[in-house]
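One gets the working numbering by counting positions in the sequence shown from 1 and adding 111 to each.
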Amino acid sequence: MSGKKTCLCCGYVTLTSEIHDICEICYWQDDPSCWDDADAVWGSNGISLRKAQKRYEENCKLDQTQDFNQAI
Ligand SMILES: [Zn+2]
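Shown next as structure tokens:
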């Protein structure tokens, strides 16, 4: 059983069943406090879920316009 969960921020199934797991796609840290309130700022994320989603979307746009062949 993989027991993976969908990341609330980016929508990919990246999280393990453990609470406070960090998404490897968008780096959102899963936090039960955010499940009911996307505008709440809790824990180590430091930003609300809604802002994190916006940040992820903007990063996606950047990814599409930049050449990452030389990354890392
Ligand atoms: Zn994510």
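Even for Gly, the Cβ is constructed at its ideal location relative to N, Cα and C. Remember, it's a predicted structure, so these values are computed and weren't measured experimentally.
Boundaries of the alpha helix (DSSP H) around Trp146: 143 to 146. Rounded to the nearest whole angstrom, the C-alpha separation of Pro143 and Gly157 is 14 Å.
Cβ-Cβ distances below 6 Å link Asp132 to Leu126, Asp141 in the same chain, with the five nearest sequence neighbours on each side left out; the list follows chain order. Annotation: Tyr167 to Glu129 spans about 22 Å, alpha carbon to alpha carbon. Boundaries of the beta strand (DSSP E) harbouring Thr125: 124 to 126, taken from the DSSP string.
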